[in-house]
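Only one structure is covered here, and it is reproduced in the block below.
Numbering (our numbering), first residue to last: 15 to 203.
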């Protein structure tokens, strides 16, 4: 049945009703990741899930895109494979409304890359990423009306890989920080 298709582009009829029906069916079955052709849609469950464990990370490692179900790890693995095999730059861009899970999925993708490509030289490790995120959250996150821990800045996290596919260096660039939140708090927040 197409009720739970992994790719909305495969639906017989692509319209608002059929897309919403499929997303509802998948969400009800705890399948929060769905492709729309090349784009991965993630419906934020607003709760931690076991599908982001280190064990699950290792299941995606080295897989080809056609062999992986929709998941943030499959996007990270595909991007990693493309960058390493072609030696060209790649990007993963997270879009959505406040509270939609952009930062959470950004973290899941970096955690995945740290596990599969940063393990040998320890340039980037999950522990180092957690330390960076703790620091960034302290100065860049705020409670808003829609999110108790809203990221109030944009960031670009860059990874460079050596010939063997290991992370050789990493950098982070912060943009659009809401500096005014440092000195005052809006009503209701």
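Every residue gets a Cβ at the ideal spot worked out from N, C-alpha and C, and that includes glycine. All figures in this text were calculated on a predicted structure; none of them were measured in a lab.
Proximity below 8 Å, CB of residue i to CB of residue j
i           : j           : result
residue 187 : residue 170 : yes
residue 114 : residue 58  : yes
residue 108 : residue 120 : yes
residue 21  : residue 49  : yes
residue 92  : residue 105 : no
Local conformation of residue i per DSSP, three classes
i           : result
residue 163 : coil
residue 171 : strand
residue 123 : helix
residue 28  : coil
residue 56  : strand
residue 61  : coil
residue 86  : helix
residue 43  : coil
Nearest-angstrom beta carbon gap, residue j and residue i [assumed within contact, 8 Å]
i           : j           : result
residue 165 : residue 154 : 6 Å
residue 144 : residue 167 : Contact flag wrong, Cβ pair sits at about 18 Å.
residue 137 : residue 75  : No, residue 137 and residue 75 are not in contact; Cβ-Cβ is about 18 Å, not under 8 Å.
residue 123 : residue 89  : 7 Å
Residue interval of the beta strand (DSSP E) (run including residue i)
i          : result
residue 50 : 47-50
Neighbour flag for residue i against chain D, beta carbons, 8 Å
i           : result
residue 117 : In the displayed structure, chain D is absent; only one protein chain is listed.
Endpoints, the alpha helix (DSSP H) within which residue i is located
i           : result
residue 146 : 140-154
Residue closest to residue i, alpha-carbon to alpha-carbon, out of the options
i           : options             : result
residue 61  : 46, 125, 73 and 200 : 46
residue 17  : 35, 123 and 65      : 35
residue 201 : 28, 157 and 150     : 157
residue 132 : 89, 96, 183 and 70  : 183
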